[in-house]
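Counting from 10, one number per residue, gives the positions in the sequence shown under the numbering used here.
For every residue, glycine included, the Cβ atom is placed at its ideal position computed from N, Cα and C.
Worksheet for the structure shown next.
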Amino acid sequence: NQIPVRSRHSVWVGNLSFSTDEAKLKDWFERRGVEGISRVHMPKGLRRNESNRGFAYVDLPSEEVVKSAIQLSENPLDGRKLLIKSGSDYTGRPEIDPTNLAALTGMEGEDQGASSLAGLGKKGKTGLTKTAQKILRSQKHPPGPTLFVGNLSFQSTEEGIRELLENSARRRDEWSKGEKQGTIRGAGIRKVRMGTFEDTGKCKGFAFIDFHTPAHATRTLIDPRNSYLDGRKLILQFAGADAVRRGAPKGSAAASSQHSKPRSTDAPAPGSFDPNAPLPKKHKETQEERRARRAMVNGGSDPRQRQRGSADVRPPRREKPGAALANAKRESLGIVASQGNKISF
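As C-alpha cells, this is what we get:
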C-alpha cells in the first residue's frame, strides 16, 4: 500500500481513550461532517492493549475543514471529551531554555560549533531531535560542565562509565583531517567522581562526571546511546551549582566562588602602593568624645552628673549583693501569745 502524502492542513486530537483506533476516530469525524481525511497519524501505545498514546494527528484537505473540525472540540468519544486544535498550534508547549542551545552550539568556538550537533540527527528549527528537545526541557539546573548520573548498578565502575561515553562520542563525532590541533577529542571527560562505599569500595548508585566544557556535557546528555549501562536505565541530568563547584579545577572562578570575599573599597589602586609610607593609625576615642557619647545615650537625665570640664553622665551603680540583702525589709518571725477569748459550747 502506498503511504499517503502528509497534508499541510491538520488537527491535533488529544485526550483520546487508549482503546480508540484510527478507524473509529476517522468515522467519528466523518459522521459529524468532516470529509476528506487523507491520513490519521496515531502513535502506538506502550502496552500491548493500547491503540494510541492519548493523541493523534488528522490530515485534512483545507483550512476551512480544519476550522470546522476544531469546532467539534469537547465532544465525547469512548467516554472521553476530545481536545481538538490546529496541528500548527504549539501554544502550551514548554520552550527550550536558550542557554541550553547556547551551551551546545556556542561554547566550542566557531570552527567546532558547526559540528557540535554532528551525529545527533539535526531536525527542526533548533537542529535537535524531539528526544533531545524533550531532555533539555526537563532539566532543572542550568547547563554546566558537570553531569549527574543516577540509577547506576553497584557493579558499575569508573572505567565502564568512561568506556560507554567514549564509545558514544566516537560513533557520534566525525573528525576531519584538517581539524585544528588542541581540540579536545572524544567525550571530553575530565574526571569521574563516583560515590563508593567505604568498606567495599563499590558504587553507591550515583556519580558526577566533569567535562572540559558545557558543550561536551550537553552533547553527552542528549545522546540516546548513553541511556543504559550494566542492564540499568541511567538518569542523566545537569548537576547543581554545588556539584559544579566541587568538580571545578583548582584556581578556577567556579572553585573559588564560595571562599571569595568582596574587595575592600579602601585598597590602593594597582601600582600606587608605597611600601615606605607610614600606615594609617586607627582613631582612638578621646575623653571628651566618650563623655559626649555617654550623654547622648543617657539623655542627660542622670542626677549624678559631675562637672569635669564637660557633662560627665554615668549610669547609676548597682548595689552589692550583700548590701541589697541587708537593706531588705524583714518580717517578724517570733512566737506571740494568743490574746483571744476561749469559747465553750
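Can you list, in chain order, the residues of its chain whose CB lies under 6 angstroms from that of K291, leaving out five sequence neighbours each side?
Counting only Cβ-Cβ distances below 6 angstroms, and skipping sequence neighbours, we find nothing.
Please classify V306: is it buried, with 16 or more other beta-carbons within 10 angstroms of its beta-carbon, or exposed?
With fewer than 16 Cβ atoms within 10 Å of its Cβ, V306 is classed as exposed.
Count Cβ pairs between the stretch 45 to 59 and the stretch 25 to 35 that sit closer than 8 angstroms; are there 3 or more?
In short, these stretches touch, since the Cβ pair count reaches three.
Given G204, which residues of its chain have a CB within under 6 angstroms of its CB, disregarding the five upstream and five downstream residues?
Closer than 6 angstroms at Cβ, skipping near neighbours: K213, F215.
Over what stretch of residues does the beta strand (DSSP E) that includes Q142 continue unbroken?
No beta strand (DSSP E) holds Q142; the alpha helix (DSSP H) holding it covers 139 to 146.
Quickly, what does DSSP pair S19 with across the bridge? List them, please.
D68, per the DSSP bridge assignment.
Classify I231: buried if its beta carbon has 16 or more other beta carbons within 10 angstroms, exposed otherwise.
So I231 ends up on the buried side.
Please name the residue, chosen from R40, G63, H50, that lies closest to A355 on a Cα-to-Cα basis.
Nothing about residue 355 can be read from this structure; the chain reaches only from 10 to 354.
Using the Cα positions of G331 and P284, report the straight-line distance between them to the nearest angstrom.
Answer to the nearest angstrom: the Cα atoms are 59 angstroms apart.
Kindly give me the distance between the Cβ atoms of L156 and F64, rounded to whole angstroms, as I take these residues to be in contact under 8 angstroms.
That pair is no contact at about 31 angstroms.
Between the Cα of E73 and those of R17, R146, K211, E31, spot the shortest distance and give me the residue it belongs to.
Comparing Cα positions, the closest option is R17.
Can you give me the start and stop residues for the alpha helix (DSSP H) that A32 sits inside?
That run of the alpha helix (DSSP H) goes 31 to 39.
Please state the DSSP three-state secondary structure of R171.
In the structure shown, R171 sits in a helix (DSSP, three-state: H, G or I).
On the three-pair Cβ rule with 8 angstroms, is the stretch 236 to 254 touching the stretch 149 to 166?
With a cut-off of 8 angstroms, the stretch 149 to 166 and the stretch 236 to 254 count as touching, because enough Cβ pairs lie within range.
List the endpoints of the continuous alpha helix (DSSP H) containing T227.
Element bounds for T227: 223 to 230.
Taking the C-alpha atoms as reference points, what is the distance between V253 and T227?
For V253 and T227, the distance between alpha carbons rounds to 14 angstroms.
By the DSSP assignment, the beta strand (DSSP E) with G204 in it spans what residues?
Its beta strand (DSSP E) spans residues 198 to 205.
So the candidates are V20, A224, D208, R326; which of them puts its Cα closest to the Cα of S95?
Selected option, being the one with the closest Cα: V20.
Let's see if you can read the secondary structure: which residues bound the alpha helix (DSSP H) around R255?
Looking at the DSSP string, the run of the alpha helix (DSSP H) that includes R255 is 250 to 256.
If we count the other Cβ atoms within 10 Å of its Cβ and call it buried at 16 or more, is I344 buried or exposed?
Classification of I344: exposed, given that the 10 Å Cβ count is below 16.
If you run the structure through DSSP and keep just helix, strand and coil, what is K90?
Three-state result, K90: strand.
Take W37 and list the residues in its own chain whose beta-carbon comes closer than 6 angstroms to its own, dropping the five residues that flank it on each side.
Excluding positions up to five away in sequence, the list reads L86.
Excluding the 5 residues flanking G249 on each side, which residues of the same chain have their C-beta closer than 6 angstroms to its C-beta?
Counting only Cβ-Cβ distances below 6 angstroms, and skipping sequence neighbours, we find H150.
Leaving out five residues on either side along the sequence, give the residues of the same chain with a beta carbon under 7 angstroms from the beta carbon of G318.
Residue placement at G318 is flagged as unreliable, the pLDDT there being 44, under the threshold of 50; the coordinate-derived value follows with that caveat. Answer for G318: no residue qualifies.
Return the chain-ordered list of same chain residues with a C-beta closer than 7 angstroms to the C-beta of K35, the five sequence neighbours on each side being excluded.
I46, V49, listed in sequence order.
Assign N350 to one of two classes, buried (16 or more other C-beta atoms within 10 Å of its C-beta) or exposed (fewer than that).
Counting Cβ neighbours within 10 Å, N350 comes out exposed, since fewer than 16 surround it.
Among the residues of its own chain, which have a CB less than 7 angstroms from the CB of S236, if the five just before and after it don't count?
Cβ within range, chain order: K242, L243.
Rounded to the nearest angstrom, what separates F163 and L174 at their Cα positions?
If you take the alpha carbons of F163 and L174, they lie about 18 angstroms apart.
Between which two residues does the alpha helix (DSSP H) carrying G331 extend?
Note, G331: alpha helix (DSSP H), 330 to 335.
Between Y99 and K90, what straight-line distance do the alpha-carbon atoms span, to the nearest angstrom?
Cα to Cα, Y99 sits roughly 20 angstroms from K90.
Using DSSP with H/G/I as helix, E/B as strand and the rest coil, what is A286?
Correct three-state label for A286: coil.
Please state whether DSSP places Q348 in a helix, a strand or coil.
Coil at Q348, not helix or strand.
DSSP has S77 in a bridge; who is on the other side?
DSSP lists no partner for S77.
Which residue comes first and which comes last in the beta strand (DSSP E) that contains L156?
Note, L156: beta strand (DSSP E), 155 to 159.
For A32, which residues of its own chain have a beta-carbon under 7 angstroms away from its beta-carbon, when the five flanking residues on both sides are left out?
For A32, where only same-chain residues beyond five positions count, there are no Cβ hits under 7 angstroms.
To the nearest angstrom, how far is the alpha carbon of S165 from that of L238?
The alpha-carbon atoms of S165 and L238 are separated by roughly 8 angstroms.
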